[in-house]
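> Protein sequence lines correspond, in order, to chains A and B.
Everything in the first sequence is counted per my numbering, starting at 1 for the first residue and increasing by one.
Everything in the second sequence is counted per my numbering, starting at 604 for the first residue and increasing by one.
Beta carbons: idealized from backbone N, C-alpha and C, even for Gly.
Only a predicted model underlies this, so the values are computations on that prediction, with no experimental measurement involved.
For reference, the structure I am asking about is given below.
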Amino acid sequence: MLDALVTGLITGNTYALIALGISLIFGVADLINFAHGSVFAAGAMVGWWLGADLGWPLWAAAAGAVAVTVALGLLIERLALRPLVGGPPIAPLLSTVAIGLILDRGLELVFGPETRRFPSALATGNFRVGGIRFGTLDLVILATSLIGMGALWLFLRRSRLGWAVRATAQDRDAARQMGVNVEGVQGLSFALASGLAGVGGVLVGMYYGNIEPSIGFDAGISGFTAAVLGGLGSLPGAVVGGLLLGVAESLGVTWFGGSTRQLVSFAVLIGVLWLRPNGLLGAAGALREPLTGTFAGGGAALRVRPWQVALGAALALGVLPLVANPYQLQVATLVAIYALLALSLTLVAGTAGQVSLGQAGFFAIGAYAAGLLTTDGGWGFWPALLAAGVVAAILGPIVIAPALRLRGHYVSIATLGIGAMVAAVILNWEDLTYGPLGIFGIPPPTFFGREIVAPRDTFWLASAVLLVGAGLVWRLQRSQLGLAWRGVRDDEVAARSVGVDLASSKALAFAVGAFLSGLAGSLLAHQFTYIAPDTFGFQVSLLALTVVVLGGMSNILGAILAAAVLVGAPELFRPLQDVRILAYGLILLLLVRFRPQGLLGVR
Amino acid sequence: MDTKPTRTIDRRRFVQGAAALPVAGLLAARRGRAGVAAQGEPVRFGVSGPLSGNSAEYGRIWQRAMDLARDEINAAGGIAGRPLELAYEDTQSDPKQSVPVAQKFVGDAGILAELGDFASPASMAASPIYERGGLVQFGFTNSHPDFTKGGEHMFSTTLSQVQDAAFLAKTAFERVGKKQAVLYRNTDWGKITQGLYVSALEELGGEVVAVESYLENERDFRTLLTKVRDAQPEVVTLISYYTDGALLAQQAPQAGLTAKLVANGACNSPQFLELGGPATEGVVTTTVFFPGDPRPEAQAFVGAYRERYQLEPDSFGALAYDGVKILAWAAERGGFEREGIRQALAEGTDIPSVVYGPFRFAEDRRVENAAMVPIQVKGGAFAAFA
């Protein structure tokens, strides 16, 4: 028990260091920076190159890593955020996703994908508490977190520049009117946060012992969880959140086994947010503008006339299957499936304003329901399709309940946690789901006794279901209910004052969204014929959100078009080989830069 | 006086020249790669694998080993005089990408067989397409028991987990220690191997004091190792890939765990030694292939790999190399047709390979009677376990 506590503190220590930078950026730019983990990875890789490969002393290697990450931070602020100021608040998030992709692939190209040893320049086993050894390295990490926290606190409270940072965080426009160089302040906080990520990369890289260019993603997620746990924008909260998360995971692993680590960490997160919607040490704070909705600036929606829609649909359904080859039709089928998944979010995030990062959870529920019913249950394709939607629609609002009373970024992080928990439950509930073995041999769909396996037929099937889904979303958006959802999105207080029940409206939006995700999951399960927990990782949720944001939040056609771009582009770029994913990230970045309101605009 | 202007280099020409250089180089490389001896219509195999993303390091190993096999074949005159080409497609081992790639390969009449993908979700989602398209899917890393049940076009040279786990259990039980704890990577592969290992060990009369799983992206094992330490095993068996295996070996002493370590064959990689450092000394594992293997076909491969890349090959590399060579062998016997290749693999009796020596595929399209040897880390290298 003591040993579990000690190892938990040692692990939590590393989370705290990563969480500090994330919390700082949250506080100043009001942004989930998805590139932060990648900056951390850049720090680790550069630190390894200078320290382990070139043999520089630790301080010099750390300084070099910090120089690189500070430059990266400034670059991210300059390229991804500054041009989007005044645009829809959700656009910068997408921008950081793109930068993260580019950075990860860039590191892989520069350093090679291999895992490599990062020998610690500091002792790692020279102290002992109970049965656990730890070292100078762990103390240095703790000291860095505490000094970083203290120095930042002093800077923010005591220096004029620090006041400017806080003023900007509180009210951007007011700060600007008082003569604060708002852009400069934002750049400064990015530089500081990224510099911390650089030191963190070197120290935590040595703590891991082995690193590879893709370590950033998981580290970033742990950092987010810790930052949210402590309260966004609160620096002591980041440290406390990190340590608490480490201890909780350690106890969870001790009691329930290693595979439950994620389950435990997200359960703790959701539990804390349930009791304290602003995190442990977060201030309730002034209400911020909603992430979506009428405050969104920039660009009216493109007007698409009904005949144009009809023509487009006729071309896609009538002509495409005749001229495209099976490979292209296969891609088009996946586009339709992911478009359907995205439509679920068009309703939840676009219309009702709940920016969910957990749609993969409902997708997985639908896929598993369909997979289990058609294999173990012996059901036919069509009843199982409907059942997949219904099961997801019933389970959806239940699992999402803890997120209903949250607002803003907390909704995103809570839903991220819930999505990950669904995947973790599927992994651990072996009696029902076969755990890591997955479900094998899911039969192909049938239509009046005929198997639907030819690419043209699967495309027609997926498009037909997509059309039904799109019709449902279209109808709902124009209903009384849609009006209530938009009210919740645009102004919760006003909506409540005219009698809209917030929790049940949101729950209903999630239920309809989960129904559509469930249908998409069923189509995917029958298309792949084999599904495993890995099929529904966080990347799938992120892709769904990316599609919706790129399409223009509540825009149905936009979501379908964006799905075609985002699922199609990696295939289209195949001739580029090594730089394929780099090009994909770049296109995403450029699209956000020049269409921050989405391809077809917010409606 | 000669009025012919000297050939000046202006800016435009300089840029043109600079741009042309790499192109020319590429073209030359292409030509060189095709070899001099091999003529005629190229024979093409598709490769669907993780060339970028989280599993990219395995994709890199594949690419090295496969390029080596292809160039050896072409330097020796190709396959019955026809040059071999490999069409690499990156899927990041993601089913969303491996499925379209399968359709692409199937639709390309020039592709005669396919290698990959890496992880089961990516491979098995693509299987129905290969099966319907009549294209051999050679999943040389796919140990999932259902992989070759996907159809008669699915072949695998990776070890069947039944054999693998049973032999490891026997070795560990008889030669390392009887009171064991088992740690496994919680994926389809780890789960199955763990189940087989534990039942084999208990059948032999061993005592299993703890069985613990961990997530595949785990890096911090200190808590888990502390828990295992408290169960007081004589031996800790790691059912791990080399990346997590190396971290487990490193972190075990920090958790105060001093039991002897036994590792699954997937840890048989020079990278395991590199990443784990001195902590891997004495680790026992079993394998079908290791660089010190004295058989001539193994030494020829190790020598060629070492010379070209200045690196030691591991079993992933050996399996990838074999994959290309085996398909080339089958293409020649099968008359350069998809169906012929399948038939040659199914019916061949002495299929040449580095990993197994001459072998045949059993009814389940996996290697029949694969022989294994125990090895141990000694002085920072794998050596026969004496």
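Three-state secondary structure (DSSP) at A/Glu430?
Position 430 of the first sequence, counting from 1, holds the residue named residue 430 of chain A. A/Glu430: helix per DSSP, three-state reduction.
> Answer with yes or no whether the minimum CB distance from B/Tyr733 to chain A is below 8 Å.
For this step, residue 733 of chain B is matched to residue 130 along the second sequence. No, because no Cβ of chain A sits closer than 8 Å to the Cβ of B/Tyr733.
> Can you look up A/Thr124 in the DSSP assignment and give me helix, strand or coil?
Indexing the first sequence from 1 puts residue 124 of chain A at position 124. Coil at A/Thr124, not helix or strand.
> Taking Cβ-Cβ distances shorter than 7 Å, what residues in chain B pair up with A/Ala4?
On the first sequence, residue 4 of chain A is found 4 positions in, with the first residue counted as 1. Result: Thr826 and Thr829.
> Quick one: which chain B residues come within Cβ less than 9 Å of A/Phe256?
Here residue 256 of chain A corresponds to residue number 256 of the first sequence, with the count starting at 1. Those do not exist, as A/Phe256 stays about 10 Å from chain B at its closest Cβ, beyond 9 Å.
> Would DSSP call B/Val650 helix, strand or coil?
Counting from 1 along the second sequence, the entry for residue 650 of chain B is found at position 47. Residue state, collapsed to three classes: strand.
> Taking 8 Å as the limit between beta carbons, can you name the residues of its chain near A/Phe594, skipping five residues before and five after?
Taking the first sequence and counting its residues from 1, the one referred to as residue 594 of chain A is at position 594. Closer than 8 Å at the Cβ level, and outside the excluded window around A/Phe594, lies no residue.
> Got a sec: is the Cβ-Cβ distance from A/Ile10 to anything in chain B below 8 Å?
Locating residue 10 of chain A in the first sequence gives position 10, counting from the first residue. So, interface residue.
> When you compare the CB of A/Pro445 with every CB in chain B, is at least one pair closer than 8 Å?
Taking the first sequence and counting its residues from 1, the one referred to as residue 445 of chain A is at position 445. Taking Cβ atoms only, chain B never reaches closer than 8 Å to A/Pro445, which makes this a no.
> What's the call for B/Ala923, buried or exposed, on a 16-neighbour Cβ count within 10 Å?
Position 320 of the second sequence holds residue 923 of chain B. Buried, because 16 or more other Cβ atoms sit within 10 Å of the Cβ of B/Ala923.
> Hey, is A/Asp534's beta-carbon within less than 8 Å of any beta-carbon in chain B?
Along the first sequence, one-based indexing puts residue 534 of chain A at 534. For A/Asp534, the answer is yes, since a Cβ of chain B falls inside 8 Å of its Cβ.
> Using the DSSP secondary-structure output, state which residues sit across from B/Asn545 in a beta bridge.
Within the shown structure, residues of chain B are numbered from 604 to 989, placing residue 545 of chain B beyond reach of any answer.
> Taking 8 Å as the threshold (C-beta atoms), are B/Val957 and B/Ala921 in contact?
In the second sequence, counting from the first residue as 1, residue 921 of chain B sits at position 318. In the second sequence, counting from the first residue as 1, residue 957 of chain B sits at position 354. Going by C-beta atoms, B/Ala921 is nearer than 8 Å to B/Val957.
> Measuring CA to CA, which of B/Leu860, B/Arg898 and B/Leu841 is closest to B/Asn871?
Mapped onto the second sequence, residue 871 of chain B falls at position 268. With distances taken between Cα atoms, B/Asn871 lies closest to B/Leu841.
> DSSP beta-bridge partners for A/Arg276?
As a first step, residue 276 of chain A is located in the first sequence; it is residue number 276 there, counting from the start. Bridge partners of A/Arg276: none, in fact.
> Give me the subset of the region 678-706 of chain B whose CB atoms are less than 7 Å from a CB atom of chain A, sorted by chain position.
The region 678-706 of chain B vs chain A, Cβ under 7 Å: Glu692, Asp693, Pro698, Lys699, Gln700, Val702, Pro703 and Gln706.
> State yes or no: is the C-beta of A/Tyr338 within less than 8 Å of the C-beta of A/Ile426?
Here residue 338 of chain A refers to the residue found at position 338 of the first sequence. Here residue 426 of chain A refers to the residue found at position 426 of the first sequence. Not in contact: A/Tyr338 and A/Ile426 (Cβ atoms no closer than 8 Å).
> For A/Thr415, count neighbouring C-beta atoms within 10 Å of its own C-beta (all shown protein chains included) and say buried if the count is 16 or more, exposed if not.
By 1-based counting over the first sequence, the position of residue 415 of chain A is 415. Per the 10 Å Cβ criterion, buried.
> Does the contact criterion of 3 or more C-beta pairs under 8 Å hold for the region 258-266 of chain A versus the region 310-322 of chain A?
Too few Cβ pairs lie closer than 8 Å, so no.
> For the beta strand (DSSP E) containing A/Thr168, list its first residue and its last residue.
If you number the first sequence from 1, residue 168 of chain A lands on position 168. Run containing A/Thr168: none in the beta strand (DSSP E); it sits in the alpha helix (DSSP H), Arg160 to Gln170.
> Go through its chain and collect everything with a Cβ distance to A/Gly125's Cβ below 8 Å, but skip five positions before and after it.
Numbered from 1 along the first sequence, position 125 holds the residue referred to as residue 125 of chain A. Cβ neighbours of A/Gly125 beyond the five flanking positions: Arg133, Phe134 and Gly135.
> Taking a cut of 7 Å between CB atoms, which residues from the region 317-330 of chain A lie near chain B?
Residues passing the 7 Å Cβ filter: Asn325, Pro326, Tyr327 and Gln330.
> Determine, using beta carbons only, whether A/Gly27 and A/Gly233 come nearer to each other than 8 Å.
Taking the first sequence and counting its residues from 1, one reaches residue 27 of chain A at position 27. Taking the first sequence and counting its residues from 1, one reaches residue 233 of chain A at position 233. Their beta carbons are under 8 Å apart, which means A/Gly27 touches A/Gly233 by this criterion.
> With A/Thr144 and A/Leu17 assumed to form a contact (beta carbons below 8 Å), what rounded beta-carbon distance in angstroms separates them?
Locating residue 144 of chain A in the first sequence gives position 144, counting from the first residue. Locating residue 17 of chain A in the first sequence gives position 17, counting from the first residue. At roughly 6 Å, the Cβ-Cβ gap stays under 8 Å, so A/Thr144 and A/Leu17 are in contact.
> If you count every other CB in all the chains shown that lies within 10 Å of the CB of A/Phe256, and 16 or more means buried, which is it?
As a position in the first sequence, residue 256 of chain A is number 256, starting the count at 1. Burial call: exposed.
> Looking only at C-alpha atoms, which of A/Asp171, A/Ala44 and A/Leu566 sits nearest to A/Glu108?
By 1-based counting over the first sequence, the position of residue 108 of chain A is 108. Among A/Asp171, A/Ala44 and A/Leu566, the Cα nearest to that of A/Glu108 is on A/Ala44.
> Could you have a look at B/Gln913 and say whether DSSP puts it in helix, strand or coil?
Within the second sequence, residue 913 of chain B is the residue found at index 310, counting from 1. Three-state result, B/Gln913: coil.
> Just the C-alpha distance for A/Phe515 and B/Lys781, rounded to the nearest angstrom, thanks.
Position 515 of the first sequence holds residue 515 of chain A. Position 178 of the second sequence holds residue 781 of chain B. Answer to the nearest angstrom: the Cα atoms are 52 Å apart.
> What is the DSSP secondary structure of A/Met206, reduced to helix, strand or coil?
Counted from its first residue, the first sequence places residue 206 of chain A at position 206. Helix, per DSSP.
> Based on Cα-Cα distance, which residue from B/Val702, B/Asp674 and B/Asp697 lies nearest to B/Pro686?
Looking up residue 686 of chain B in the second sequence gives position 83. Checked all of B/Val702, B/Asp674 and B/Asp697; the closest Cα to B/Pro686 is B/Asp674.
> In this structure, how does DSSP classify B/Ile676 when only helix, strand and coil are distinguished?
Locating residue 676 of chain B in the second sequence gives position 73, where the first residue counts as 1. B/Ile676: helix per DSSP, three-state reduction.
> Kindly indicate the opening and closing residues of the alpha helix (DSSP H) around B/Tyr733.
Counting from 1 along the second sequence, the entry for residue 733 of chain B is found at position 130. Its alpha helix (DSSP H) spans residues Ser723 to Gly736.
> Between which residues of its own chain and A/Glu430 is the CB-CB distance below 7 Å, once the five residues before and five after are set aside?
The residue you call residue 430 of chain A lines up with position 430 of the first sequence. Contacts found: none.
> Please state if the CB of B/Ala949 and the CB of B/Arg936 are separated by a distance shorter than 8 Å.
The residue labelled residue 936 of chain B in the question sits at position 333 within the second sequence. The residue labelled residue 949 of chain B in the question sits at position 346 within the second sequence. Contact: no.
> Roughly how many angstroms lie between the CA atoms of B/Ala973 and B/Ala690, to the nearest whole one?
The residue you call residue 973 of chain B lines up with position 370 of the second sequence. The residue you call residue 690 of chain B lines up with position 87 of the second sequence. In a straight line, the C-alpha of B/Ala973 is about 30 Å away from that of B/Ala690.
> Alpha carbon to alpha carbon, what distance is there between A/Pro533 and B/Asp791?
Reading the second sequence from its first residue, position 188 is the one you call residue 791 of chain B. Reading the first sequence from its first residue, position 533 is the one you call residue 533 of chain A. Each residue's Cα considered, the two are about 10 Å apart.
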